Every structure is written in C-alpha cells, then in structure tokens.
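Student: Here it is, the structure in full.
Number of protein chains: 2
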Amino acid sequence: MTERTSPHAAIIGLGSMGIGMACSIAKSGIRTTGYDVIPASINKFVENGGLAGNNTAQTANDADILVIVVVNAAQTDEVLFGAGGAAQAMNSGGVIISCATMSPEDACRLAQKSADLGLHYVDAPISGGASKAASGQLTIMASGTEEAFKRARPVLDAMAGTVYELGDRAGIGSSFKMVNQLLAGVHIAAACEAITFAKKLGLDLPTVYKVITASAGNSWMFENRIPHVLEGDYEPRSAIGIFTKDLGIINDMGRKEKFPLNMSATALQMFIATAANGMEQDDDSSVARMIANLTGIELPASKG
Amino acid sequence: MTERTSPHAAIIGLGSMGIGMACSIAKSGIRTTGYDVIPASINKFVENGGLAGNNTAQTANDADILVIVVVNAAQTDEVLFGAGGAAQAMNSGGVIISCATMSPEDACRLAQKSADLGLHYVDAPISGGASKAASGQLTIMASGTEEAFKRARPVLDAMAGTVYELGDRAGIGSSFKMVNQLLAGVHIAAACEAITFAKKLGLDLPTVYKVITASAGNSWMFENRIPHVLEGDYEPRSAIGIFTKDLGIINDMGRKEKFPLNMSATALQMFIATAANGMEQDDDSSVARMIANLTGIELPASKG
Chain A
147 MTERTSPHAA
157 IIGLGSMGIG
167 MACSIAKSGI
177 RTTGYDVIPA
187 SINKFVENGG
197 LAGNNTAQTA
207 NDADILVIVV
217 VNAAQTDEVL
227 FGAGGAAQAM
237 NSGGVIISCA
247 TMSPEDACRL
257 AQKSADLGLH
267 YVDAPISGGA
277 SKAASGQLTI
287 MASGTEEAFK
297 RARPVLDAMA
307 GTVYELGDRA
317 GIGSSFKMVN
327 QLLAGVHIAA
337 ACEAITFAKK
347 LGLDLPTVYK
357 VITASAGNSW
367 MFENRIPHVL
377 EGDYEPRSAI
387 GIFTKDLGII
397 NDMGRKEKFP
407 LNMSATALQM
417 FIATAANGME
427 QDDDSSVARM
437 IANLTGIELP
447 ASKG
Chain B
147 MTERTSPHAA
157 IIGLGSMGIG
167 MACSIAKSGI
177 RTTGYDVIPA
187 SINKFVENGG
197 LAGNNTAQTA
207 NDADILVIVV
217 VNAAQTDEVL
227 FGAGGAAQAM
237 NSGGVIISCA
247 TMSPEDACRL
257 AQKSADLGLH
267 YVDAPISGGA
277 SKAASGQLTI
287 MASGTEEAFK
297 RARPVLDAMA
307 GTVYELGDRA
317 GIGSSFKMVN
327 QLLAGVHIAA
337 ACEAITFAKK
347 LGLDLPTVYK
357 VITASAGNSW
367 MFENRIPHVL
377 EGDYEPRSAI
387 GIFTKDLGII
397 NDMGRKEKFP
407 LNMSATALQM
417 FIATAANGME
427 QDDDSSVARM
437 IANLTGIELP
447 ASKG
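One line per chain: the protein sequences are A and B, in this order.
Number 450 marks the last residue of the first sequence (our numbering); no jumps.
Number 450 marks the last residue of the second sequence (our numbering); no jumps.
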C-alpha cells in the first residue's frame, strides 16, 4: 500500500444509495473516483466533487479503499473478481468495503478471495435509505479484522452516522443485516395485512394509523410505510423487488441451516404475490395494493 | 336511573387488569363495588378502598356504571345476561363498560341485549398492561353512543390515560383492538423467530437487541418482549393463551369476512405450537422457547 497522508478512495455503484455515499466521501476531502454503468450517475457525482471512472478496473486503480454498493453478492463478485477486475487494480494492502445485502456465507467467500489477493475486507451492509446516504448519516452493520477497520475508517466515518463494529470477521455484519431484514420484511407484510383488514372492517384509516402508532401494535415499518398507503403514493422509496430478494436469501439460509422460518416464509410469499400482480418495481407498501386487488377493497388513491 | 351527584360504580373481574382498574376508580372518589370468583382479589380491593360484592347480581345492584373485565365474550355474556344477571340488577338507564377483547360482532350483539334492557353500552377494549391499569393510565379503544360516553365518563377518566372515542356504535372499538392484536401477535412471533435465528447464526443476543431496537426492524413488541428471552424469564406478563385466543378471533373474522390473513394465520400456528409444547400459561415470549426446543439451540437461562 502506498503510504500517503490521505488515502485514495473509489466507489462502484452510484444508485440511490451509492450516489449519496460517494458524495459524502468526496465532501469529507478524500480524493474519490466513482463509477456506475449509467453515465448520468457519474456526471452527477462529478458535479459534487468526485472524479469520473471509465470502468471498474480503472476506477479502482490506485485506490486504498474501495466501496462496492451494487445489488447483490453475484454483482459484487463480478465487479471485484470477474471481468470487472477491480480488486486486482487496487493498491496492495487496500481494503474493500462491501455494502450489498448478501448471505453471511457469500460475505465470507468474498472476504477470502480478497485475502488471497492481499486485500482487507469489511463486511459492511448499510441501512438508512437514500436521504441518510446523502447526508453521511447511514447506519453500517460492519464486521472485519482490526486492520481492515483501521484502513477503512476514514471512509466509514464519512458515510455513516453509526458504525456498529460487530465482530472480527466477515459474515457477522451480514448476519445482523439479515436478521434486521427478516423483521423489516415481516413487519411490512403485517402492516399491509392490518391496514387492509382495517379497511375491510370499515374503519377510518387515518385514525387507525394514529391509534396503532401510539399502541403496542406499532413497528418502525408500520409507522414509516403506512403513510404511503394513506396517500396512495407507491413511488418506490424501496421496491418490492428488494424484499423478494432479501427474504429469498433469508429463506435460503433457513433451509440450509435446517431452521424453520414460518413468518419469513409467509412474508416472502406475500411479496412474491405482489410482484406477480405487476408491482415488483413499486414501493414495498404495495403489498397493501395486492391485498386490495385480491379482495376488492378500495384504498386511498393518489392525490397527485 | 337514580339521579345522584356522584354515580355508583361496580366492577366484575378483578384479575391482573381488573384489580388495578377497580382501585383506580375507587381512588377517584367514586363509590365502587367489586367482585371476582377469587375471594383474595376482593379482599385486595377492599384494602384499597373498594366495597366487597357477594355475587355478580348483588355487585351490580344500584350501579349506574358497570365495568366488566373478564376473559372473553362468552364470559361477558354470562355475567351480564346469564345466571349472573348483572345487567338486570343495574339501575335503569345505567351504562355497561365492556373491556374484554372480543369480535366486533359479539360487541354489537351484547350492546343490543343491553339496549333491550334499557341500558347503555360502551365497547371499550383496553390496552397497556397491569402497571398502567394500576396507575389509571390505560388506553381504551372505545365506541358507543354519545349518551353512553356521557354516563361512562367519570369511570373512563378514572381508569384511562387515553380514551380514544372511535365511533358512535359498539363494534368499532373492538375492531380497532383486533387490528392492534393482529399486529401485536404477528410482531411477537416475528421477534421470537428473529432472535432464535440470530442465535442459530451465532450472534451475540444482547448486541442484536441493541442494534435492532435502533434499526428499521424494530417493533414495540420486539423492544418489550425480547428482554424476557435475554433474561430467560418466562413468568407471564401476558400469556401465550391470550394470543391463541385473540389471533383465533382474528382468524375467525377473516374466514367469515372472506379476507385472507396470511401473516396472522401463521402467527396463530406458532402460538398454538407453543401451547402444544406445554407453555400455554407462560409469557408470550415463550414462542422463542418453542423454537429453541424444536431446533436444539440454547437460549439464556433464568438467573433466578
């Protein structure tokens, strides 16, 4: 690793989360190169003080810290070790910060492949949404060696309001993230079941929202997602497809571990039904619309 | 109804909720007679300023306001209109405050039977637990006519921190309560699934609690019940049997309304499995112990 006063950073994946994270890193004064398959995203990053990468390998070239914010383990693997070849292009002794939600097993595998190239790896799934990414206030559920954390520190601090250091090896961060996603997915499905059932019972939905958010039936997801239903606004803040993916990983893990996950399995089927009903790209609160379509109840229409 | 400056109250059912409610009413200065099938509960009430009833009819005799806090609709019906005969014994024009969790249909039926005797009826399911009952800070999800609310007011105010007035007829309060119970039951089952899965993944459970309660996966129930699991303390604050009952009512309602309730149906099966596993009288967080028993993972043991 080239010894410098300030490390060079690179980030691959400038989607709704990645662009905010990239800008937060650049804003902290770290020299940062960014790349995405969509050129407009790169342009947006350049307007915010970043450097434009031409492809994944060139972006990672001379980087001491490489952040990967793509959709899943397969894309992360391809960018790092496939034709993308980003890992090979990094400075020796550099650190990879891997942010995609993936199974702990995949995280361990990618960390091992990184170690084989003399690179460090922080298993660093993120949460908090696009607005917290933009303000550098993400929550990161991270694990990795002490050395990996030490090298990643300036970039982790630039991106996150809270960095949980959850263990000394890859896989632990991803395990925490999957437990969180299990609950988040089940709670969205439950919130949508409850609000549509309330409608079926003839209740006034804004009053249901007010009473439940002050009662023992409340969840972070009920409080956050049900306003989308009340406003009839299904523009994706987070899409149905995220949860068919994440609950899919969780169900795969349960099958592999021989661990029954009844609630997660049922929730997955409700997200799959919603995707089947044509709403895979819509907001994840669309589970309520799927139930409404199925049962013939009428939910609030968009005021837009 | 006898016109008095201050109405007379009676309360039937001095269990973990009822005793606190009874004491709160007496403490407010209202003359209150209480009855329970367990004499020790009546004695406790007398020590706290209440009057002892000998049976349900004698307890309700000369009452302007009668609070019923028994287990379900069948018990409420029996106390009021069966051999118990409490409704007949009340002062003419009096009001019944019915607090048991029941289906909206049952609430409507009991309200009609009350009206047939010239009595008013507030459909008034409660939430908040024994400690809030004792401090007069319950939440009541209430519905009924304006006249019923007017007559019930002194006692409602004595028992509750918040009285939601949700509609002008019986059934609406119970509908809100069932929506809340749907979410509460699903969230307990999900919390227990998540914490046992976290253990299977080898995670440190107190850290899981800390991270999840600060994340999007949080729920009121996760935050409230998982400490019981972490402490290995399954003394019933609220028992498994409450949710086999309440989710049972919800599933019956869904079948009757032809409304699919996938999450609730799955959660009900998990509570039934826990009851089948010998824990019907234990704390509802025992769903986690059922999963642990099934899968062979080890949860924290009681320190007691």
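Every residue gets a Cβ at the ideal spot worked out from N, C-alpha and C, and that includes glycine.
Quick caveat, the model's predicted, so the values are computed rather than measured.
Can you confirm whether B/F405, when its beta carbon is compared against all beta carbons of chain A, has any partner nearer than 7 Å?
Tutor: As a working note, residue 405 of chain B is residue 259 in the second sequence. So, interface residue.
Student: Of all the CB atoms in chain B, is at least one closer than 7 Å to the CB of A/E339?
Tutor: Within the first sequence, residue 339 of chain A is the residue found at index 193, counting from 1. With its beta carbon less than 7 Å from one in chain B, A/E339 belongs to the interface.
Student: Applying the criterion that 16 or more other CB atoms from any shown protein chain within 10 Å of the CB defines a buried residue, is B/V183 buried or exposed?
Tutor: Counted from its first residue, the second sequence places residue 183 of chain B at position 37. By the Cβ-count criterion, B/V183 is exposed, with fewer than 16 other Cβ atoms from all chains shown falling within 10 Å of its own Cβ.
Student: Against chain B, with Cβ distances strictly below 7 Å, would A/A362 count as a contact?
Tutor: The residue you call residue 362 of chain A lines up with position 216 of the first sequence. Cβ-Cβ to chain B under 7 Å: yes for A/A362.
Student: Mind checking if B/L376 is an interface residue toward chain A, Cβ cutoff 7 Å exclusive?
Tutor: The residue labelled residue 376 of chain B in the question sits at position 230 within the second sequence. Not an interface residue.
Student: Only counting the same chain, and skipping five residues up and downstream in sequence, which positions put a Cβ closer than 6 Å to that of B/G307?
Tutor: Numbered from 1 along the second sequence, position 161 holds the residue referred to as residue 307 of chain B. Q283.
Student: With 16 as the cutoff for other CB atoms within 10 Å, does B/L440 come out buried or exposed?
Tutor: Counting from 1 along the second sequence, the entry for residue 440 of chain B is found at position 294. Under this definition B/L440 is an exposed residue.
Student: Please determine, among A/K173, A/G274, A/G164 and A/S170, the residue with the shortest C-alpha to C-alpha distance to B/S361.
Tutor: Locating residue 361 of chain B in the second sequence gives position 215, where the first residue counts as 1. Closest option to B/S361, Cα to Cα, is A/G274.
Student: Quick one: give me the first and last residue of the beta strand (DSSP E) that B/I243 is part of.
Tutor: Working through the second sequence from its first residue, we reach residue 243 of chain B at position 97. First-last of the beta strand (DSSP E) with B/I243: V241 to S244.
Student: By a C-beta neighbour count over all protein chains shown, 10 Å radius and 16 as the cutoff for buried, is B/E193 buried or exposed?
Tutor: Locating residue 193 of chain B in the second sequence gives position 47, counting from the first residue. Under this definition B/E193 is an exposed residue.
Student: Assess contact between the region 319-338 of chain B and the region 351-361 of chain A, defined as three or more Cβ pairs (one per stretch) separated by less than 8 Å. Is contact present?
Tutor: yes
Student: How long is the line joining the alpha carbons of B/T148 and B/S187, rounded to whole angstroms?
Tutor: Within the second sequence, residue 148 of chain B is the residue found at index 2, counting from 1. Within the second sequence, residue 187 of chain B is the residue found at index 41, counting from 1. Any answer about B/T148 is weak, because its pLDDT of 49 lies below 50 and its placement is not dependable; what the coordinates show is given next. A straight line joining the alpha-carbon of B/T148 with that of B/S187 spans about 29 Å.
Student: So, at 6 Å on beta carbons, what are the nonlocal neighbours of B/G331 in its own chain, with the 5 sequence-adjacent residues on each side left out?
Tutor: If you number the second sequence from 1, residue 331 of chain B lands on position 185. Closer than 6 Å at the Cβ level, and outside the excluded window around B/G331, lie F389, L393 and A413.
Student: For B/V268, which of helix, strand or coil comes out of DSSP?
Tutor: Here residue 268 of chain B refers to the residue found at position 122 when the second sequence is read from its first residue. B/V268 falls in the strand class under three-state DSSP.
Student: Where does A/L407 sit, in a helix, a strand or coil, going by DSSP?
Tutor: Residue 407 of chain A sits at position 261 when you count from the first residue of the first sequence. Three-state result, A/L407: coil.
Student: In terms of residues, what are the limits of the beta strand (DSSP E) holding B/Y181?
Tutor: As a position in the second sequence, residue 181 of chain B is number 35, starting the count at 1. Residues T178 to Y181.
Student: Which residue marks the beginning of the alpha helix (DSSP H) containing A/T457, and which one marks its end?
Tutor: Lying before the first or after the last residue shown, residue 457 of chain A is absent from chain A, which here runs from 147 to 450.
Student: For B/D303, which residues from the same chain have a beta carbon less than 8 Å from its beta carbon, with the 5 sequence-adjacent residues on both sides left out?
Tutor: On the second sequence, residue 303 of chain B is found 157 positions in, with the first residue counted as 1. These residues qualify, in order along the chain: S174 and V309.
Student: What's the gap between the Cα of B/A438 and the Cα of A/M287?
Tutor: The count along the second sequence starts at 1 and reaches residue 438 of chain B at position 292. The count along the first sequence starts at 1 and reaches residue 287 of chain A at position 141. Going by the C-alpha atoms only, they are around 26 Å apart.
Student: Along chain B, in chain order, which residues have C-beta atoms closer than 8 Å to that of A/Q346?
Tutor: For the purposes of this step, residue 346 of chain A is taken as residue 200 along the first sequence, with counting starting at 1. Going by the sequence as given, residue 346 of chain A is Lys instead of Gln. In chain order: E403 and F405.
Student: B/A168 and B/I157 - do their beta-carbons sit closer together than 7 Å?
Tutor: For this step, residue 157 of chain B is matched to residue 11 along the second sequence. For this step, residue 168 of chain B is matched to residue 22 along the second sequence. Yes, the Cβ-Cβ distance between B/I157 and B/A168 is below 7 Å.
Student: Any beta carbon of chain A sitting closer than 7 Å to that of B/A336?
Tutor: Within the second sequence, the letter at position 190 stands for residue 336 of chain B. Yes, B/A336 lies at the interface with chain A (some Cβ there is under 7 Å from its Cβ).
Student: Is the number of C-beta pairs between the region 208-219 of chain A and the region 232-242 of chain A that are closer than 8 Å three or more?
Tutor: Judged by Cβ distances under 8 Å, the region 208-219 of chain A makes contact with the region 232-242 of chain A, as three or more pairs qualify.
Student: Using a C-beta to C-beta distance shorter than 7 Å, which residues of chain B count as neighbours of A/P250?
Tutor: Along the first sequence, one-based indexing puts residue 250 of chain A at 104. Within 7 Å Cβ-Cβ: L347.
Student: B/S432 versus chain A: which residues are under 7 Å apart at the beta carbon?
Tutor: Taking the first residue of the second sequence as 1, we reach residue 432 of chain B at position 286. Chain A residues near B/S432: none, gap ~16 Å exceeds 7 Å.
Student: Using alpha carbons as the reference points, say which of B/S384, B/L407, B/E381 and B/I165 lies closest to A/I341.
Tutor: Taking the first sequence and counting its residues from 1, the one referred to as residue 341 of chain A is at position 195. Looking at the Cα atoms, B/L407 is the closest of the given residues.
Student: Which residues in chain B sit within 9 Å of A/S410, going by Cβ to Cβ distance?
Tutor: Here the question's residue 410 of chain A lines up with position 264 in the first sequence. Within 9 Å Cβ-Cβ: A336, E339, A340 and F343.
Student: Quick check: the Cα distance between A/C254 and A/D430, rounded to an integer number of angstroms?
Tutor: For the purposes of this step, residue 254 of chain A is identified with residue 108 of the first sequence, where counting begins at 1. For the purposes of this step, residue 430 of chain A is identified with residue 284 of the first sequence, where counting begins at 1. Taking the straight line from one Cα to the other gives about 29 Å.
Student: Provide the residue span of the beta strand (DSSP E) that contains B/V216, from first to last.
Tutor: Numbered from 1 along the second sequence, position 70 holds the residue referred to as residue 216 of chain B. First-last for B/V216: undefined, no H or E at that position.
Student: Going by beta-carbon coordinates alone, are B/I386 and B/M425 separated by less than 7 Å?
Tutor: Reading the second sequence from its first residue, position 240 is the one you call residue 386 of chain B. Reading the second sequence from its first residue, position 279 is the one you call residue 425 of chain B. Contact: yes.
Student: Could you tell me which whole alpha helix (DSSP H) segments of length 4 or greater appear in the region 356-434 of chain B?
Tutor: 366-376, 386-402 and 408-420
Student: Just tell me which of A/A294, A/A246 and A/S281 has its CA closest to the CA of A/I272.
Tutor: Counting from one through the first sequence, the residue named residue 272 of chain A turns up at place 126. Out of A/A294, A/A246 and A/S281, A/A246 has the C-alpha closest to the C-alpha of A/I272.
Student: What is the DSSP secondary structure of A/G307, reduced to helix, strand or coil?
Tutor: In the first sequence, the residue the question calls residue 307 of chain A occupies position 161. Reduced to three states, the DSSP call for A/G307 is strand.
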